[in-house]
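Asker:
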Amino acid sequence: MKKVLIGALILILAAVMAVFFARSSSDEDTKQEKETGDITLYYVSIDGMSFYQVPYNFSKPGKTLRMAEEVLEQLKTVPQNEDCQVTIPQSVIWSDVNLEDTNLVIDFTSSYSKLSSVNEIFLRAGVVKSLVQLDGIHSVEFKQNGTPLMTLDEQPVGMMTAESFIDDSNENWGVTQEDIITLYYANESGDRLVGEDARVTVENNVPMEQEIIERLIAGSDKNGCYQAIPEGTKVIKTVTKNGTCYVDLNENFLNPMESVSAEVTVYSVVNSLTELSSVSKVQFTINGEKVSRLRESLDFDVSFERNLDLEESALSEPDLEETNVEELNESTTGMEEE
Numbered sequence: 338m339k340k341v342l343i344g345a346l347i348l349i350l351a352a353v354m355a356v357f358f359a360r361s362s363s364d365e366d367t368k369q370e371k372e373t374g375d376i377t378l379y380y381v382s383i384d385g386m387s388f389y390q391v392p393y394n395f396s397k398p399g400k401t402l403r404m405a406e407e408v409l410e411q412l413k414t415v416p417q418n419e420d421c422q423v424t425i426p427q428s429v430i431w432s433d434v435n436l437e438d439t440n441l442v443i444d445f446t447s448s449y450s451k452l453s454s455v456n457e458i459f460l461r462a463g464v465v466k467s468l469v470q471l472d473g474i475h476s477v478e479f480k481q482n483g484t485p486l487m488t489l490d491e492q493p494v495g496m497m498t499a500e501s502f503i504d505d506s507n508e509n510w511g512v513t514q515e516d517i518i519t520l521y522y523a524n525e526s527g528d529r530l531v532g533e534d535a536r537v538t539v540e541n542n543v544p545m546e547q548e549i550i551e552r553l554i555a556g557s558d559k560n561g562c563y564q565a566i567p568e569g570t571k572v573i574k575t576v577t578k579n580g581t582c583y584v585d586l587n588e589n590f591l592n593p594m595e596s597v598s599a600e601v602t603v604y605s606v607v608n609s610l611t612e613l614s615s616v617s618k619v620q621f622t623i624n625g626e627k628v629s630r631l632r633e634s635l636d637f638d639v640s641f642e643r644n645l646d647l648e649e650s651a652l653s654e655p656d657l658e659e660t661n662v663e664e665l666n667e668s669t670t671g672m673e674e675e
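And the structure:
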């Protein structure tokens with residue numbers, strides 16, 4: 338009798354397990370079906386630091402060009418129930434989309450130039466990564482008002498493929514850089530530069546050059562360090578090539594400052610950027626255009642090199658400062674014992 342009961346229990350258990358695994362398999366199949374689509378669309382994560390991938394199925398697959406236009410429209414809208422940002426802001430408009438052999442050409446209006454450096458690289462990468470999945474599209478080329486998209490050093494961006502961009506997994510897009518840089522601010526009288534050692538960290542394709550300038554714009558809370566850059570200044574783009582950092586700022590950088598000279602404003606940026614081993618010169622533009630003079634007193638359409646004559650001594654970070662004090666105390670104690 339016990340053997341019969343045990344046998345029955347085994348059969349019941351086997352049946353329950355079979356149902357469980359059948360359901361699990363069905364659920365997994367359903368989940369897998371939900372996680373795949375005709376292509377994957379690349380949106381921007383909520384924190385703006387990585388990509389957010391969303392499977393997408395075309396409602397009515399058709400010609401390659403029509404599907405490409407559908408992808409672009411989708412990238413301007415956040416999918417329902419997805420926690421992400423659009424890849425293409427609503428303010429960015431294209432006037433034409435054309436397929437030339439296997440190269441898709443997108444012609445944007447001047448609205449494209451209003452993008453920040455970080456938003457621009459995410460837009461380009463997200464659009465290209467999404468579109469090259471379509472059969473018939475091998476590369477993507479951007480234009481602006483009929484002219485090929487150019488870098489700040491006036492070189493065409495050209496045709497872009499998936500390989501044009503570094504790894505873009507949701508978990509870690511790009512790399513993290515950290516360095517201790519001397520940032521230069523104005524002194525109290527506004528006629529010299531005061532250096533402050535600061536730890537600068539950037540992640541996910543944010544240029545170190547851009548982060549340095551934004552730190553200068555934000556200002557310092559150290560005594561003796563004063564704002565050297567006009568309020569409202571924004572970084573549009575930074576590109577470094579062959580030792581020259583091309584810096585594009587908005588028009589607020591041209592505004593006069595009551596107690597800071599034009600030279601101190603310019604070399605606050607130049608001397609800070611040339612702390613980087615990759616930068617030896619800085620070339621400025623304002624909203625993409627060269628400006629001949631700054632505040633009527635300084636030639637501004639030239640390349641600037643570091644100006645040591647304007648620099649005063651650097652201020653250390655708190656932790657470095659404390660270390661120096663400890664070393665000084667130890668040295669003093671040793672002298673007293675002698």
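If you're matching positions, the sequence shown starts at 338 in the working numbering and goes up one per residue.
By construction, the Cβ of each residue, glycine as well, lies at the ideal position given by its N, Cα and C atoms.
As the structure is a prediction and not an experimental result, all values here were calculated from the model.
Please list the terminal residues of the continuous alpha helix (DSSP H) segment that includes S454.
Answerer: As a working note, residue 454 is residue 117 in the sequence shown. Per DSSP, S454 belongs to the alpha helix (DSSP H) from S454 to L468.
Asker: Please classify R552: does DSSP put it in a helix, a strand, or coil?
Answerer: Within the sequence shown, the letter at position 215 stands for residue 552. Of the three classes helix, strand and coil, the one that applies to R552 here is helix, per DSSP.
Asker: When the Cα atoms are used, what is the spatial distance from Y379 to K400?
Answerer: Mapped onto the sequence shown, residue 379 falls at position 42. Mapped onto the sequence shown, residue 400 falls at position 63. Rounded to the nearest angstrom, the two C-alpha atoms are 21 Å apart.
Asker: Go to V628, then tell me how far its alpha helix (DSSP H) extends in each direction, as first and last residue.
Answerer: Taking the sequence shown and counting its residues from 1, one reaches residue 628 at position 291. For V628, no alpha helix (DSSP H) encloses it, and the DSSP letter there is neither H nor E.
Asker: Here's the rule I'm using: 16 or more other beta-carbon atoms within 10 Å means buried, otherwise exposed. How should S634 be labelled?
Answerer: Residue mapping note: residue 634 aligns to position 297 of the sequence shown, counting from 1. Under a 10 Å Cβ-count criterion, S634 is classified as exposed, with fewer than 16 other Cβ atoms of the shown protein chains found around its own Cβ.
Asker: Out of curiosity, what's the CA-to-CA distance linking P713 and I554?
Answerer: A question about residue 713 goes unanswered here, because the residues of the chain that appear run from 338 up to 675.
Asker: So I376 and Y389 are in contact, right, with Cβ under 8 Å, and what is the actual spacing, rounded?
Answerer: Numbered from its first residue, the sequence shown carries residue 376 at position 39. Numbered from its first residue, the sequence shown carries residue 389 at position 52. That belief does not hold up - the Cβ atoms of I376 and Y389 are roughly 15 Å apart, past 8 Å.
Asker: Would you report the Cα separation of A565 and T519, rounded to the nearest angstrom?
Answerer: Within the sequence shown, numbered from 1, the residue matching residue 565 stands at position 228. Within the sequence shown, numbered from 1, the residue matching residue 519 stands at position 182. About 15 Å.
Asker: Can you give me the Cβ contacts of E525 inside the same chain, cut-off strictly under 8 Å, excluding the 5 residues immediately before and after it?
Answerer: Stepping through the sequence shown from its first residue, residue 525 is reached at position 188. If we look at E525 and ignore the five residues flanking it on each side, its Cβ neighbours are G561 and Y563.
Asker: In this structure, what does DSSP give as the bridge partners for I623?
Answerer: As a first step, residue 623 must be located in the sequence shown, where it is residue number 286. Answer by DSSP bridge pairing, in chain order: L586 and E626.
Asker: DSSP three-state label for M496, please.
Answerer: Counting from 1 along the sequence shown, the entry for residue 496 is found at position 159. The three-state reading of DSSP puts M496 in coil, since its state is none of H, G, I, E or B.
Asker: Could you name the residues of the same chain whose beta carbon sits closer than 6 Å to that of P485, not counting the 5 residues immediately before and after it, in chain order?
Answerer: Within the sequence shown, residue 485 is the residue found at index 148, counting from 1. The beta carbon of P485 sits closer than 6 Å to those of P493, all from its chain and outside the five residues before and after it, given in chain order.
Asker: Would you mind reading off the limits of the beta strand (DSSP E) that contains V415?
Answerer: Taking the sequence shown and counting its residues from 1, the one referred to as residue 415 is at position 78. It is not in any beta strand (DSSP E) - V415 carries neither H nor E in the DSSP assignment.
Asker: Cβ of V477 within 8 Å of Cβ of L468?
Answerer: Along the sequence shown, one-based indexing puts residue 477 at 140. Along the sequence shown, one-based indexing puts residue 468 at 131. The Cβ atoms of V477 and L468 sit closer than 8 Å to each other.
Asker: Given this structure, state the Cα-to-Cα distance separating L460 from P426, to the nearest angstrom.
Answerer: Your numbering for residue 460 matches position 123 in the sequence shown. Your numbering for residue 426 matches position 89 in the sequence shown. Roughly 9 Å separates the two Cα atoms.
Asker: Using only the alpha-carbon positions, how far apart do Q417 and I550 sit?
Answerer: In the sequence shown, the residue the question calls residue 417 occupies position 80. In the sequence shown, the residue the question calls residue 550 occupies position 213. Distance between the alpha carbons of Q417 and I550: 37 Å.
Asker: Can the beta-carbon of F621 be found less than 8 Å from the beta-carbon of V576?
Answerer: Taking the first residue of the sequence shown as position 1, residue 621 is located at position 284. Taking the first residue of the sequence shown as position 1, residue 576 is located at position 239. If you check the CB distance, F621 and V576 do not come in under 8 Å.
Asker: From the DSSP secondary-structure annotation, give me the bridge partner or partners of I573.
Answerer: Taking the first residue of the sequence shown as 1, we reach residue 573 at position 236. DSSP, once it has assigned bridges, lists no residue as partnering I573.
Asker: Where do the N-terminal and C-terminal ends of the alpha helix (DSSP H) with L610 fall, by residue?
Answerer: Along the sequence shown, one-based indexing puts residue 610 at 273. Per DSSP, L610 belongs to the alpha helix (DSSP H) from A599 to L610.
Asker: Is it buried or exposed for E595, if we count other Cβ within 10 angstroms and need 16 for buried?
Answerer: Against the sequence shown, residue 595 aligns to sequence position 258. Classification for E595: exposed.
Asker: How is the beta strand (DSSP E) around L441 delimited, first residue to last?
Answerer: On the sequence shown, residue 441 is found 104 positions in, with the first residue counted as 1. Unbroken beta strand (DSSP E) run through L441: N440 to F445.
Asker: Between which two residues does the beta strand (DSSP E) containing S563 stretch?
Answerer: Taking the sequence shown and counting its residues from 1, one reaches residue 563 at position 226. Residue identity differs from the one stated: residue 563 is Tyr in this sequence, not Ser. No beta strand (DSSP E) contains Y563, which DSSP labels as neither H nor E.
Asker: Taking the beta carbon of Q411 as the centre, do at least 16 other beta carbons fall within 10 Å, making it buried, or is it exposed?
Answerer: The residue given as residue 411 occupies position 74 in the sequence shown. By the 10 Å Cβ count, Q411 comes out buried.
Asker: Which same chain residues end up closer than 7 Å to S362 when comparing Cβ atoms and leaving out the 5 residues on each side of it in sequence?
Answerer: Locating residue 362 in the sequence shown gives position 25, where the first residue counts as 1. Confidence at S362 is low in this model, with a pLDDT of 42, below 50, so the placement of that residue is unreliable and no value is reported for it.
Asker: Using 8 Å as the threshold, is the C-beta distance between V531 and M497 below it?
Answerer: In the sequence shown, the residue the question calls residue 531 occupies position 194. In the sequence shown, the residue the question calls residue 497 occupies position 160. The answer is no: Cβ separation not under 8 Å.
Asker: Which whole-angstrom value is the C-beta distance of F479 and I430, which I expect to be below 8 Å?
Answerer: Locating residue 479 in the sequence shown gives position 142, where the first residue counts as 1. Locating residue 430 in the sequence shown gives position 93, where the first residue counts as 1. No, F479 and I430 are not in contact; Cβ-Cβ is about 13 Å, not under 8 Å.
Asker: What would DSSP say about A547, mapped onto helix, strand or coil?
Answerer: On the sequence shown, position 210 is the one that residue 547 refers to. Looking at the sequence provided, one finds Gln at residue 547 rather than Ala. Annotated three-state conformation of Q547 is helix, per DSSP.
Asker: Along the chain, where does the beta strand (DSSP E) that runs through S435 open and close?
Answerer: Here residue 435 refers to the residue found at position 98 when the sequence shown is read from its first residue. According to the sequence shown, residue 435 is Asn rather than Ser. Segment W431 to E437, the beta strand (DSSP E) holding N435.
Asker: Would a C-beta distance cut-off of 8 Å place V616 and E515 closer than the cut-off?
Answerer: Residue mapping note: residue 616 aligns to position 279 of the sequence shown, counting from 1. Residue mapping note: residue 515 aligns to position 178 of the sequence shown, counting from 1. No, the pair does not count as a contact, with Cβ atoms beyond the cut-off.
Asker: Three-state secondary structure (DSSP) at V408?
Answerer: In the sequence shown, the residue the question calls residue 408 occupies position 71. In this structure, V408 counts as helix in the three-state DSSP scheme.
Asker: Are the region 642-649 and the region 592-611 touching by the rule of at least three beta carbon pairs closer than 8 Å?
Answerer: yes
Asker: On the criterion of 16 or more Cβ atoms from any shown chain inside 10 Å, does K578 qualify as buried, or is it exposed?
Answerer: Taking the first residue of the sequence shown as 1, we reach residue 578 at position 241. Burial call: exposed.
Asker: Do you know offhand how far F637's Cα is from T414's?
Answerer: Start at 1 with the first residue of the sequence shown, and residue 637 comes out as number 300. Start at 1 with the first residue of the sequence shown, and residue 414 comes out as number 77. Between F637 and T414, the C-alpha separation is close to 41 Å.
Asker: Grouping DSSP H, G and I as helix and E and B as strand, with all else coil, what is S501?
Answerer: If you number the sequence shown from 1, residue 501 lands on position 164. Helix at S501.
Asker: Taking 8 Å as the threshold (C-beta atoms), are S598 and G495 in contact?
Answerer: Position 158 of the sequence shown, counted from the start, is the residue given in the question as residue 495. Position 261 of the sequence shown, counted from the start, is the residue given in the question as residue 598. Not in contact: G495 and S598 (Cβ atoms no closer than 8 Å).
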